[in-house]
Amino acid sequence: MPNGNAIIVKGLRKSYGKTEVLKGVDLVVEKGTMLALLGPNGAGKTTVVRILSTLLSHDGGEASVNGYDTATQSNEVRSVIGLTGQYAAVDEYLTGRQNLLMMGRLYRLSAAGARQRAEELLEQFDLVDAANRVVKKYSGGMRRRLDLAISLIATPPIIFLDEPTTGLDPRSRLAMWDVIRKLMDSGATILLTTQYLEEADQLADKIAVIDQGRVIAEGTADELKQKVGSDRLELTMATDADFAKAEKIVSGDNKQTHPKRRVISIATSGGVSGLNAVLSSLENAGVTVETLSLHKPTLDDVFLHLTGHGAEAEEHEPNIEETHV
Amino acid sequence: MSNATVSTKPVQSSALGRIFSDSATLIKRNLTHIKNNPDQLLSMVLQPVMFMLLFRYVFGGAINTGGTSYVNFLTAGILVQGAAFGATTTALGVATDLQRGIIDRFRSLPMFSSAVLIGHVTADLVRNTVSSAIMIGVGLMVGFRPEANLVEWLMAAGILLLFTFAISWLSAILGLLSKSIEAVQWFSFIAIFPLTFASSAFVPTDGMPAGLRWFAENQPITHVIEALRALLVGTPIDNHGWLAVVWCLGAIAVSVPLTAYLFRRYSK
């Protein structure tokens, strides 16, 4: 492998009291790539990041960053990482520029070096106008941008982004994505955690799905989608009676039903004949189909398929009936 | 746009050099806080000034302080109480850092971590120096007539700063152990309020009931107040001077290593 791995995690375990949050996590992130650690709240994503960034010690297994062991070489690890946490860790009573200068000095840049990086980052993150304003007066999106800028001040080769867009409005989220893509282009190695499937799909080279302290699937977005199978056919019935009838008639791989929405979906081989067969059997039974859609599987489907529950909290649990494993 | 003569890469430095430069950076942070958030300094100055005027004019006439005028008696007590309350700002600052997550950022940096606490404590010293100077100014306006010569003034300032330093480190422990900012506020209030009143700050201890009087005469804040009073207005110093210094040094010797330990151990 020409690049090698920047982050290696083997059999990582961590418990808080009797609660085991990590039950043997394995991960590798190749140099210069982005891995998205995707999972619901409480899956253990933040714990992994806190261990890798030396904020927390682990109970078992190994974790290394740039070849440095997080347990025994914490200072070396700290000098090659940048961390953006879930909550913007910025100093509210300093201005944006003062925040950057302070952190630059603490990352051991020279005074002149810190000044130059601060100006570059203010420019890059669109914070020039707000540079002399106290952070207390910043909006949520501006704080996140400043937080990310701070973690980049010493141009660290490895960057942890722990849920960088959680709680941001859609516009700020898109702006954040742009910034993260630029980071990718600069050659940094990035570990991103997110509970948004779309975010992982949009940004990352590889995705590791984590649930209840274990990595349950890993691969590119396409590889994960292939696990669910081919395209999905989604049928919405006109009435509850139609739904009840259709539920008995329609069969197929990885069938999912949502009674409240009167939706049945199955994986199809994609062929027209298969589609025809389903539709004609419904028509023969006198079932009225209100809408029909054929779509590529989303990561939400992947998650549902792998864990039996959705990645994000849903109002109603879908009824899942799996016909194959 | 990068300038070839300026390196934007981290520079290596010795461990000792790092301790100094990180401490300097964090002290600058906390001093900038004072500048960017003047309300805090204002409230710190107003409270003791109000106490000073309240005791001088409302209670003062009813309190017998023997051969010393009441305002001369009072000023040392007000200065020490103001310093004690002011020094709890460190607890508040540390707790706020923990709550806001900025401590996590500091802990993920290759820095000398105790610098964070050094920054807060130093800011307390600066704030208390400013507010003490203002209080002495107000005291002079309402009849405070110190008899101290230059050396005594310097010794008085030294004891007050040493006391501030000790209370700041103790309150850093409180900040590190507390679960919320509100808890820090009420805890520092119930710790400092009775300690400064059950002392010789505002009234001579003679009139207190026996148990309280014993406590008031032997607790460290009284030693600091009596030492300061002796230096400023010439009351007898007895053993108060060296006892005040020993208490303060003892508190510092315990709290500095303890805060360093708690700071490293801290994790959410």
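Chains as they are written, first to last, in the numbering used here: chain H, 205 to 529; chain E, 2 to 269.
Cβ coordinates follow ideal geometry from the N, Cα and C atoms, glycine included.
Q341 of chain E burial status per 10 Å Cβ neighbour count (16 or more: buried): Nothing can be reported for residue 341 of chain E, as the shown portion of chain E is limited to 2 through 269.
So, do the segment 271-289 of chain H and the segment 241-260 of chain H have three or more beta carbon pairs nearer to each other than 8 Å? Yes: the two stretches touch, three or more of their Cβ pairs being nearer than 8 Å.
Counting C-beta neighbours from all protein chains within 10 Å, is the total for K222 of chain H 16 or more, i.e. buried, or is it exposed? Exposed: under 16 other Cβ atoms inside 10 Å.
Going straight from the alpha carbon of H121 of chain E to that of G94 of chain E, what length do you get? For H121 of chain E and G94 of chain E, the distance between alpha carbons rounds to 7 Å.
Can you pull the chain C neighbours of V338 of chain H, defined as C-beta to C-beta under 9 Å? Reference to chain C is not applicable here, since the protein chains of this structure are H and E.
Residues in its own chain within less than 6 Å of L118 of chain E by CB, not counting five upstream and five downstream? Excluding residues within five positions, the ones whose Cβ falls inside 6 Å are A173, T260.
Identify the contact partners of T26 of chain E in chain H, using a Cβ-Cβ distance below 8 Å as the criterion. Contacts between T26 of chain E and chain H, judged by CB atoms closer than 8 Å, involve M306, R309, L310 in chain order.
Leaving aside the five residues before and after V50 of chain E along the sequence, list all residues of the same chain whose C-beta is less than 8 Å from its C-beta, in chain order. The residues I135, M136, V139, in chain order, have a CB closer than 8 Å to that of V50 of chain E in the same chain once the five nearest residues on each side in sequence are set aside.
Contact belief for V185 of chain E with V81 of chain E at Cβ below 8 Å, rounded distance in angstroms: Approximately 21 Å separates the beta-carbon atoms of V185 of chain E and V81 of chain E; this is outside 8 Å, ruling out the contact.
Cβ-based neighbour list, D125 of chain E, same chain, cut-off 7 Å, excluding 5 preceding and 5 following: Same-chain partners within the cutoff: G87, A88, T90, T91, T165, S169.
Figure out for me which residue from H:D444, H:I285, H:G423 has the closest Cα to the Cα of V506 of chain H. For V506 of chain H, the closest alpha carbon among the candidates H:D444, H:I285, H:G423 is that of H:G423.
Compare the C-beta of S14 of chain E against all C-beta atoms of chain H and say whether one is closer than 9 Å. By this cut-off, S14 of chain E is an interface position.
Between which two residues does the beta strand (DSSP E) holding G423 of chain H run? Taken as a continuous stretch (DSSP letters only), the beta strand (DSSP E) holding G423 of chain H covers 418-423.
Neighbouring residues, chain H, relative to H34 of chain E (Cβ below 7 Å): Within chain H, the residues Y297 have their CB atoms less than 7 Å from the CB of H34 of chain E, given in chain order.
Have a look at the DSSP bridge pairing and note the partners of L486 of chain H. Note: L486 of chain H sits in no beta bridge, so no partner.
Is it buried or exposed, G62 of chain E, if we count other Cβ atoms within 10 angstroms and call 16 or more buried? For G62 of chain E, the number of other beta carbons within 10 angstroms of its own is below 16, and it is reported as exposed.
Hey, quick one: how far does the beta strand (DSSP E) through D230 of chain H stretch, first residue to last? For D230 of chain H, the uninterrupted beta strand (DSSP E) segment begins and ends at 223-234.
May I ask you to report which of helix, strand or coil DSSP gives I103 of chain E? Looking at I103 of chain E - three-state DSSP - the assignment turns out to be helix.
Chain E within 9 Å of Y400 of chain H, Cβ atoms only: The beta-carbon of Y400 of chain H is placed no less than 9 Å from the nearest beta-carbon of chain E.
Can you give the Cα-Cα distance for F145 of chain E and L229 of chain E, rounded to whole angstroms? The alpha-carbon of F145 of chain E is positioned some 14 Å away from that of L229 of chain E.
Any idea if I354 of chain H is buried or exposed, counting beta-carbon neighbours within 10 angstroms, 16 or more meaning buried? Buried, by the Cβ-count rule.
Given this structure, state the Cα-to-Cα distance separating S497 of chain H from E438 of chain H, to the nearest angstrom. Cα atoms of S497 of chain H and E438 of chain H: separation of roughly 5 Å, rounded to the nearest angstrom.
Inter-residue spacing [alpha-carbon to alpha-carbon] between I193 of chain E and L54 of chain E: Annotation: I193 of chain E to L54 of chain E spans about 20 Å, alpha carbon to alpha carbon.
So what's H499 of chain H in DSSP terms, helix, strand or just coil? Reduced to three states, the DSSP call for H499 of chain H is strand.
Got a sec: is the Cβ-Cβ distance from F107 of chain E to anything in chain H below 9 Å? Residue-level contact check: F107 of chain E touches chain H, since one or more beta carbons of chain H fall below 9 Å from its beta carbon.
Length of the line joining the Cα atoms of T495 of chain H and R465 of chain H: Rounded to whole angstroms, the separation of the alpha carbons of R465 of chain H and T495 of chain H is 12 Å.
Using 8 Å for Cβ pairs, my map puts G246 of chain H next to D230 of chain H. What's the rounded Cβ distance? A Cβ-Cβ separation of about 20 Å leaves G246 of chain H out of contact with D230 of chain H under the 8 Å criterion.
Using DSSP's beta-bridge definition, name the partner residues of R436 of chain H. Under DSSP, R436 of chain H takes part in a beta bridge, and its partners are H:A471, H:H499.
Can you list, in chain order, the residues of the segment 158-182 of chain E whose Cβ is nearer than 8 Å to any Cβ on chain H? Listed by position along the chain: nothing, the set is empty.
Are A240 of chain H and L356 of chain H close, meaning C-beta to C-beta below 9 Å? Not in contact: A240 of chain H and L356 of chain H (Cβ atoms no closer than 9 Å).
Quick check on T359 of chain H - is its C-beta less than 9 Å from some C-beta in chain E? Yes, T359 of chain H lies at the interface with chain E (some Cβ there is under 9 Å from its Cβ).
What in chain H is Cβ-close to V7 of chain E, meaning under 7 Å? Within 7 Å Cβ-Cβ: A316, G317, Q320.
Name, in chain order, the residues that DSSP records as bridge partners for D457 of chain H. According to DSSP, which records beta bridges pairwise, D457 of chain H is partnered with H:A471.
With a 10 Å radius around its C-beta and 16 neighbouring C-beta atoms as the bar for buried, classify E443 of chain H as buried or exposed. Reading off the sequence, residue 443 of chain H comes out as Thr, not Glu. Around the Cβ of T443 of chain H, a 10 Å sphere holds fewer than 16 other Cβ atoms; the residue is exposed.
Here's the rule: buried if 16 or more other CB atoms are within 10 angstroms of the residue's CB, otherwise exposed. What is N488 of chain H? By the neighbour-count rule (16 or more Cβ atoms within 10 Å), N488 of chain H is not buried but exposed.
Please state if the CB of L287 of chain H and the CB of L304 of chain H are separated by a distance shorter than 9 Å. At the C-beta level, L304 of chain H and L287 of chain H stay beyond 9 Å of one another.
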